[in-house]
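A short worksheet on the structure shown next.
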Amino acid sequence: GGRGGQDFLVTNQLFTVVMDAMAVHPADASVLEASCGCLLASALDNEEAKAALDEAGVRAAVSAVMRERGGSGQHMRFGGAFATLKDWLQGPEGKGATEQRTREQGASLIETRAEQEFNGPSNGREGN
341 GGRGGQDFLV TNQLFTVVMD AMAVHPADAS VLEASCGCLL ASALDNEEAK
391 AALDEAGVRA AVSAVMRERG GSGQHMRFGG AFATLKDWLQ GPEGKGATEQ
441 RTREQGASLI ETRAEQEFNG PSNGREGN
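Just so you know, the numbering used here puts 404 at position 64 of the sequence shown, and the rest follows in order with no gaps.
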(Lines of atoms letter the chains of each structure in order from A; the text may use other names.)
(Lines give C-alpha, C1' and ligand atoms only; values in the text may rest on other atoms or scores of the structure.)
Protein backbone atom coordinates (compact mmCIF):
# COMPACT_ATOMS: atom_id res chain seq x y z
CA GLY A 341 0.00 0.00 0.00
CA GLY A 342 0.86 3.65 0.18
CA ARG A 343 2.93 5.63 -2.26
CA GLY A 344 5.32 2.74 -2.89
CA GLY A 345 2.46 0.44 -3.87
CA GLN A 346 0.93 3.07 -6.11
CA ASP A 347 4.22 3.71 -7.88
CA PHE A 348 4.88 -0.02 -8.29
CA LEU A 349 1.40 -0.62 -9.76
CA VAL A 350 1.73 2.26 -12.23
CA THR A 351 5.39 1.79 -13.17
CA ASN A 352 4.88 -1.90 -13.89
CA GLN A 353 1.50 -1.25 -15.58
CA LEU A 354 -0.22 -3.67 -13.24
CA PHE A 355 -3.36 -1.62 -13.75
CA THR A 356 -3.75 -3.58 -17.00
CA VAL A 357 -4.46 -6.72 -14.94
CA VAL A 358 -7.21 -4.86 -13.09
CA MET A 359 -8.60 -3.58 -16.38
CA ASP A 360 -8.56 -7.17 -17.68
CA ALA A 361 -10.65 -8.28 -14.70
CA MET A 362 -13.19 -5.57 -15.52
CA ALA A 363 -13.26 -6.65 -19.16
CA VAL A 364 -13.69 -10.33 -18.39
CA HIS A 365 -16.42 -9.72 -15.78
CA PRO A 366 -18.38 -6.70 -17.08
CA ALA A 367 -21.63 -7.72 -15.37
CA ASP A 368 -20.15 -8.67 -11.98
CA ALA A 369 -20.78 -5.71 -9.70
CA SER A 370 -18.37 -6.94 -7.02
CA VAL A 371 -15.49 -7.31 -9.51
CA LEU A 372 -16.20 -3.88 -10.98
CA GLU A 373 -16.38 -2.21 -7.58
CA ALA A 374 -13.20 -3.88 -6.30
CA SER A 375 -11.39 -3.04 -9.54
CA CYS A 376 -12.49 0.59 -9.51
CA GLY A 377 -11.50 0.85 -5.84
CA CYS A 378 -8.05 -0.54 -6.60
CA LEU A 379 -7.53 1.86 -9.48
CA LEU A 380 -8.80 4.84 -7.50
CA ALA A 381 -6.51 3.95 -4.60
CA SER A 382 -3.64 3.92 -7.08
CA ALA A 383 -4.36 7.54 -8.00
CA LEU A 384 -5.15 8.91 -4.53
CA ASP A 385 -2.90 11.84 -3.58
CA ASN A 386 -0.40 10.93 -6.31
CA GLU A 387 -0.21 13.37 -9.22
CA GLU A 388 2.27 11.26 -11.19
CA ALA A 389 0.07 8.19 -10.92
CA LYS A 390 -3.00 10.22 -11.94
CA ALA A 391 -1.21 11.47 -15.04
CA ALA A 392 -0.03 7.98 -16.03
CA LEU A 393 -3.43 6.39 -15.40
CA ASP A 394 -5.16 9.14 -17.32
CA GLU A 395 -2.79 8.74 -20.27
CA ALA A 396 -3.40 4.96 -20.26
CA GLY A 397 -7.18 5.49 -20.40
CA VAL A 398 -7.80 4.21 -16.89
CA ARG A 399 -9.51 7.39 -15.67
CA ALA A 400 -11.95 7.25 -18.57
CA ALA A 401 -12.69 3.56 -18.00
CA VAL A 402 -13.24 3.95 -14.26
CA SER A 403 -15.45 7.01 -14.81
CA ALA A 404 -17.51 5.16 -17.39
CA VAL A 405 -18.00 2.09 -15.22
CA MET A 406 -18.90 4.13 -12.15
CA ARG A 407 -21.32 6.29 -14.11
CA GLU A 408 -22.94 3.29 -15.79
CA ARG A 409 -23.32 1.36 -12.54
CA GLY A 410 -24.74 4.44 -10.83
CA GLY A 411 -27.17 4.98 -13.70
CA SER A 412 -28.48 1.45 -13.24
CA GLY A 413 -28.99 1.97 -9.50
CA GLN A 414 -25.87 0.05 -8.48
CA HIS A 415 -23.81 2.88 -7.01
CA MET A 416 -20.32 2.08 -5.80
CA ARG A 417 -19.82 2.96 -2.18
CA PHE A 418 -16.36 3.82 -1.00
CA GLY A 419 -17.36 5.75 2.12
CA GLY A 420 -15.90 9.00 0.82
CA ALA A 421 -12.39 7.53 0.60
CA PHE A 422 -11.93 8.84 -2.94
CA ALA A 423 -13.82 12.14 -2.67
CA THR A 424 -10.65 14.07 -3.53
CA LEU A 425 -10.56 12.32 -6.91
CA LYS A 426 -13.93 13.68 -8.05
CA ASP A 427 -12.44 16.41 -10.26
CA TRP A 428 -9.83 14.02 -11.70
CA LEU A 429 -12.55 11.52 -12.59
CA GLN A 430 -14.48 14.22 -14.42
CA GLY A 431 -11.46 15.11 -16.51
CA PRO A 432 -9.92 18.46 -17.36
CA GLU A 433 -12.99 19.83 -19.13
CA GLY A 434 -15.44 19.02 -16.32
CA LYS A 435 -18.42 16.72 -16.15
CA GLY A 436 -20.69 18.30 -18.75
CA ALA A 437 -18.12 18.41 -21.53
CA THR A 438 -16.63 14.97 -20.98
CA GLU A 439 -19.46 12.72 -19.84
CA GLN A 440 -20.22 11.20 -23.23
CA ARG A 441 -16.60 11.07 -24.37
CA THR A 442 -15.51 9.48 -21.08
CA ARG A 443 -18.22 6.84 -21.34
CA GLU A 444 -17.22 6.04 -24.93
CA GLN A 445 -13.49 5.91 -24.16
CA GLY A 446 -14.01 3.74 -21.11
CA ALA A 447 -16.30 1.33 -22.92
CA SER A 448 -13.89 1.17 -25.85
CA LEU A 449 -10.91 0.47 -23.60
CA ILE A 450 -12.76 -2.25 -21.70
CA GLU A 451 -13.98 -3.84 -24.95
CA THR A 452 -10.44 -3.77 -26.35
CA ARG A 453 -9.07 -5.43 -23.21
CA ALA A 454 -11.81 -8.08 -23.36
CA GLU A 455 -11.05 -8.77 -27.01
CA GLN A 456 -7.34 -9.08 -26.27
CA GLU A 457 -8.07 -11.44 -23.38
CA PHE A 458 -10.33 -13.57 -25.57
CA ASN A 459 -8.13 -13.61 -28.67
CA GLY A 460 -4.74 -13.68 -26.96
CA PRO A 461 -1.81 -11.44 -27.81
CA SER A 462 -1.81 -9.96 -31.30
CA ASN A 463 0.85 -11.31 -33.58
CA GLY A 464 0.48 -8.44 -36.04
CA ARG A 465 -0.81 -10.60 -38.91
CA GLU A 466 -4.16 -10.08 -40.54
CA GLY A 467 -6.76 -12.85 -40.46
CA ASN A 468 -5.66 -14.44 -37.19
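From the three backbone atoms N, C-alpha and C, an ideal C-beta is built for every residue, glycine too.
In this structure, A396 is the residue among A400, A396, V364 and D368 with its C-alpha nearest to the C-alpha of Q353.
Straight across, the Cα-Cα distance linking D347 with E373 is about 21 Å.
Three or more pairs of CB atoms, one per stretch, sit closer than 8 Å, so the segment 398-417 contacts the segment 353-363. Within the segment 348-418, the complete alpha helix (DSSP H) segments of 4 residues or longer fall at 355-364, 369-383, 387-395 and 398-411, listed in chain order.
Under the DSSP assignment, L425 falls outside any alpha helix (DSSP H); it carries neither an H nor an E label. Looking only at E388, E387, G411 and L393, the smallest Cα-Cα distance to C378 is reached by L393.
DSSP places G342 in the helix class (H, G or I) of the three-state scheme.
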